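Taking it in order: structure first as structure tokens, then the write-up.
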Amino acid sequence: MQAVTVGRLWKYFGDYAALRDVDFTIAPGSCTALLGRNGAGKTTLLRILAGLSVPSKGEVTLHGKPPRDGDARRQIGIIGHGIAIYDELSATENLLLFARLYALADPRAAARHWLEKTGLDHVANSLVREFSRGMRQRLAIARAFLHSPTLLLLDEPFTSLDDRAIALLQQLLNEAIAQGSTVVMSTHQLREALELATGVALLHRGKLAHAGPRTPEMLADTSYLYRTYGDAS
Amino acid sequence: MNFLTQTLSVAAKDLRSEFRTKESFNAAASFAIVILLLFSFAVDPTSDQIREMSGGLLWIVYSFSAALILNRSFARELPNDCLDALIASPVSGAALFLGKALASFVLILLIEALCLPVFGIFYDLNWATQPAWLALVVLLATWGMTVIGTMFSALTVNLRLREIMLPMLVYPMLIPTLMAAMQLTTLLIAGQAIAGDDFVWLRLLIGVDIIFTALAVALIEVVLVG
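Chains A and B supply the protein sequences, listed in that same order. So for the first sequence, this note's numbering puts the first residue at 1; every next one is plus one. So for the second sequence, this note's numbering puts the first residue at 1; every next one is plus one.
The following block contains the structure:
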């Protein structure tokens, strides 16, 4: 069974088609870089995969289930444009909240583990509003990985991260992929994405311009992909 | 069990956030007290007229200040895109809605409890002659206001003019609840127990609570995701 199946997917915002007949699959345990220029439809596609938006036409399944299915949602970890943590709560309270929402067996142990792993254990009980930007980003990463998701949906995850958070995220993504998790990430940072990716999906004005394995040519020349497929319509 | 844990986790999170920032509680409490104070200048506190309109006055104040609390219910999730993380999590729409409604219910009840003695002092009224009935009416009417307001808070969360849109949408829907609450509260403050035909108003409050809670729980997923 495919980890992600996108079938004849259309998404309209009013009359504007943000996604046009997008159709592809993602194998379990793979890392797919979802690429495209601004406005290509990457975020729209990721939001539909995460169950945050519904398709206008077509079908999406995650491990054979619709994205709004409770079991499917339990398997998803997301990092979006916002860090999705509460400024008025402490780091521990933030992670405890999500641990309880994901019905983890031992929320406190999970929170403690991820605070240690992200180097935030020394500020576990401090309010997030007192955190530096880098610390907030690391807490957001801890929140996304807290429930050991098997499908990670990351929308421009490296954008505005500091060096430490980038290293941490790369390490966690490598660990997740090694353990068989599936990663789908949209990004403009081609170098970082293509080093991690096993597959590539290129969107161009809402249409899928290319989907396939990441090839050595793409890694050697990051402009190769856009040059070869970018103007397809 | 999981549903209850998720509901209480969302409610506890909202209450903890609110008690730390006090952004809507302080605004709602001071707004309610200022309105009570200003109305006390407009009418003679010793007149019979004030006894006849006491329930109406009290529930106007309650509903205005409740709008300030309810406006923040889902808007609280907008900074850092927290609503996306909640919707993407396995928490059911119903648990998310009830958790948020529960937190707003507690906050509105606190405002109401704070206002009652102030109301009694400013208008020279003994509001505690039928405490059990009054508590029942306040609980039922407040839940009705909360459940309708929380639903519309979810509906308007992404609107730029949500602070204006929420009251415009909510108050017409609150008419049955407010009418019943005003009638019964006036009666109870006058020292009379609820009896005979007055039970119609109590049944109306219960009916509105059940219908709107069921509707909100059934529709919240569509409201949040589309």
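Yeah, the Cβ is synthetic: ideal placement off N, Cα and C, and Gly gets one too. Note that this is a predicted model, so its numbers are computed, not measured.
Inter-residue distance for Glu-18 of chain B and Ala-11 of chain B is about 11 angstroms (C-alpha atoms, whole angstroms). Three or more beta-carbon pairs drawn from the segment 69-85 of chain A and the segment 63-83 of chain B are found closer than 8 angstroms, and the two stretches are therefore classed as touching.
Fully enclosed beta strand (DSSP E) runs of no fewer than 3 residues occupy 151-155, 182-186 of the segment 125-203 of chain A, in order along the chain. Interface flag for Lys-13 of chain B against chain A is set, since a Cβ pair is found closer than 8 angstroms.
The beta-carbon separation of Leu-166 of chain B and Asn-71 of chain B, rounded to 5 angstroms, stays under the 8 angstroms limit for a contact.
Distances from the CA of Ala-197 of chain A to each of A:Ser-181, A:Leu-208, A:Arg-205, A:Lys-207 were compared; the closest alpha carbon is that of A:Ser-181. By DSSP's assignment, Pro-213 of chain A forms a beta bridge with A:Gly-199. Neighbourhood of Ser-73 of chain B in chain A, by CB distance below 7 angstroms: empty, with the nearest CB roughly 14 angstroms away.
If the five residues before and after Gln-170 of chain A are omitted, its C-beta is found closer than 8 angstroms to the C-beta atoms of Glu-192, Leu-196, all from its own chain and listed in chain order. Looking at the backbone, the Cα of Leu-139 of chain B and that of Val-128 of chain A are separated by about 35 angstroms.
Minimum Cα-Cα distance from Leu-35 of chain A among the listed residues A:His-210, A:Trp-10, A:Lys-65, A:Gly-64 corresponds to A:His-210.
In the DSSP assignment, Tyr-12 of chain A falls within the beta strand (DSSP E) that extends over 4-13. In this structure, Val-223 of chain B sits away from Leu-161 of chain B, with a CB-CB distance that is not shorter than 8 angstroms. Among the CB atoms of chain B, one or more fall inside 8 angstroms of the CB of Ser-53 of chain A. Here the alpha carbons of Glu-221 of chain B and Ile-189 of chain B stand approximately 40 angstroms from one another. Judged by DSSP in its simplified three-state form, Ala-27 of chain A adopts coil rather than helix or strand.
The Cβ atoms of Ser-104 of chain B and Ser-65 of chain B lie no closer than 8 angstroms to each other. Take Tyr-62 of chain B, set aside five residues on each side of it, and the residues of its chain with a beta-carbon closer than 6 angstroms to its own are Glu-112, in chain order.
DSSP places Val-91 of chain B outside both helix and strand once states are collapsed to three, so it counts as coil.
Between the beta-carbon of Val-91 of chain B and that of Gly-51 of chain A there is about 12 angstroms, and that puts the pair past the 8 angstroms contact cut.
By the neighbour-count criterion, in which 16 or more other beta carbons inside 10 Å mark a residue as buried, Thr-213 of chain B falls on the buried side. In terms of beta-carbon proximity, Pro-79 of chain B lines the interface with chain A, with at least one pair separated by less than 8 angstroms. Annotated three-state conformation of Lys-100 of chain B is helix, per DSSP. Annotation for Ile-50 of chain B: no beta strand (DSSP E) segment contains it, though the alpha helix (DSSP H) segment containing it runs 48-52. A contact between stretches requires three or more CB pairs, one per stretch, nearer than 8 angstroms, and the segment 44-60 of chain A fails this requirement with the segment 98-107 of chain A. With a threshold of 8 angstroms between beta carbons, Phe-13 of chain A makes no contact with chain B.
Closest option to Val-170 of chain B, judged by alpha-carbon separation, among B:Leu-184, B:Ala-195, B:Leu-134, B:Gly-144: B:Gly-144. The beta carbon of Gly-80 of chain A sits closer than 8 angstroms to some beta carbon of chain B. Excluding residues up to 5 positions away in sequence, Val-22, Asp-23, Phe-24, Ala-201 lie with their Cβ nearer than 7 angstroms to the Cβ of Leu-208 of chain A in the same chain. Residues of chain B whose Cβ lies closer than 8 angstroms to the Cβ of Asp-87 of chain A are, in chain order, Pro-79, Asn-80.
Between Thr-129 of chain B and Gly-196 of chain B, the C-beta spacing is not below 8 angstroms. Between Ser-40 of chain B and Leu-97 of chain A, the C-beta gap is not smaller than 8 angstroms, which leaves the two residues out of contact. Put simply, the backbone Cα of Arg-76 of chain B is about 30 angstroms away from that of Leu-62 of chain A. Restricting attention to A:Arg-205, A:Arg-164, A:Leu-152, the CA atom closest to the CA of Ala-33 of chain A is found in A:Leu-152. DSSP, reduced to helix, strand and coil, places Lys-13 of chain B within a helical segment of the structure shown. A contact between stretches requires three or more CB pairs, one per stretch, nearer than 8 angstroms, and the segment 66-76 of chain A fails this requirement with the segment 213-227 of chain A.
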